[in-house]
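Position in the sequence shown (from 1) plus 1019 gives the number in our numbering. C-beta atoms are modelled at their ideal positions from N, C-alpha and C, and glycine is treated no differently. One structure is given below, encoded as structure tokens.
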Amino acid sequence: MTVNTYSVPISRWQQRYTFTGRFSTKVPYQQAAFLLALDAGIYMGLIIFIYVILTKVVLQPVQRGFYCNDPDIKSPLYPNSIPTPYLLLVTVGLPFFVVLGGIFLKNSGGTLNFTKKTLSKIFQETCFIYLDYVVGFGICTISLEFIKCGTGRLRPNFLSLCRPDLDPCGIDEGAYVENYVCNPLLGKYDRNSKMSFPSGHAAAAVFAQAFVQDLGPLALCF
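Rendered as structure tokens:
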């Protein structure tokens, strides 16, 4: 049985399936920092791989019909108010620094007088907490993709994204169009036009905020 010498809880999977978990706290701080980056990179890469396979090959949204006179799908095509790279920077990057800061305060007592061994421990404990977040974020994102595809709710700018043939609407403005083919300007618009709910941006932001609030620097210090 492995004895936990860290000041934070460690899951069994972290001990078995991470490079950081397989090394003791006696490793040099440079190696501990490298293993932290390696473990985070591996798990992020695995999650991205699964996500790409699901979204490009496996999952397709349910195709629902629409009414020609539905005002809820006639919004113009505008860029995202918050670009996805910025969202990922905040929801993936910010929690790492929150965890690192909290673990640092917990182990150093808020001073800069700490040993190299303590620094190694800080990196290792940061890895364990942050990997919990990365895995949780990945599960949240992938689960959301299943829900989006299952609901198939049309976006407010559906007509601008999908650009379906609207000839039936010229005959009857209140017609219900069930069978249609998208003719998008970009290939990804076809899929995205049918994935309005629930909001991926909102889910990512809420998940990150809940994690930061629960495991912020003040919480980790006690």
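Query	Result
Please list, in chain order, all residues of the same chain as Ala-1052 whose beta carbon is under 8 Å from its beta carbon, the five residues on each side excluded.	Phe-1142
Mapping DSSP to helix, strand and coil, what is Val-1022?	Low confidence applies to Val-1022: its pLDDT is 42, below 50, so where it sits in the model is not reliable enough to give any reading.
Check for me: the alpha helix (DSSP H) holding Ser-1127 runs from which residue to which?	1113 to 1127
Which complete alpha helix (DSSP H) runs does the region 1184 to 1230 hold, if anything under 4 residues is left out?	1186 to 1190, 1206 to 1211
Could you pull the DSSP bridge partners for Lys-1085 from this structure?	The question names Lys, but residue 1085 in the sequence shown is Phe. According to DSSP, Phe-1085 bridges with Val-1196.
Check Leu-1173 in the structure and name its three-state DSSP category.	coil
Taking just the CA atoms, how far does Tyr-1152 sit from Ile-1190?	53 Å
Short check: CB of Ser-1139 to CB of Tyr-1070, under 8 Å?	no
Please tell me whether Lys-1167 and Pro-1104 are closer than 8 Å, where the distance is taken between their beta carbons.	no
Does DSSP put Gln-1050 in a helix, in a strand, or in coil?	helix
Hey, how far is the Cα of Glu-1144 from the Cα of Ile-1122?	7 Å
Which residue comes first and which comes last in the alpha helix (DSSP H) that contains Thr-1103?	1103 to 1107
So the candidates are Val-1077, Thr-1134, Ala-1223, Asn-1099; which of them puts its Cα closest to the Cα of Asn-1176?	Asn-1099
Quick one, which of Thr-1039, Cys-1188, Phe-1216, Ala-1224 has its alpha-carbon nearest Leu-1057's?	Thr-1039
Can you give me the start and stop residues for the alpha helix (DSSP H) that Gln-1033 sits inside?	1031 to 1036
Could you pull out every residue in the same chain whose Cβ sits closer than 7 Å to the Cβ of Thr-1137, ignoring the five residues on either side in sequence?	Asn-1126, Ser-1127
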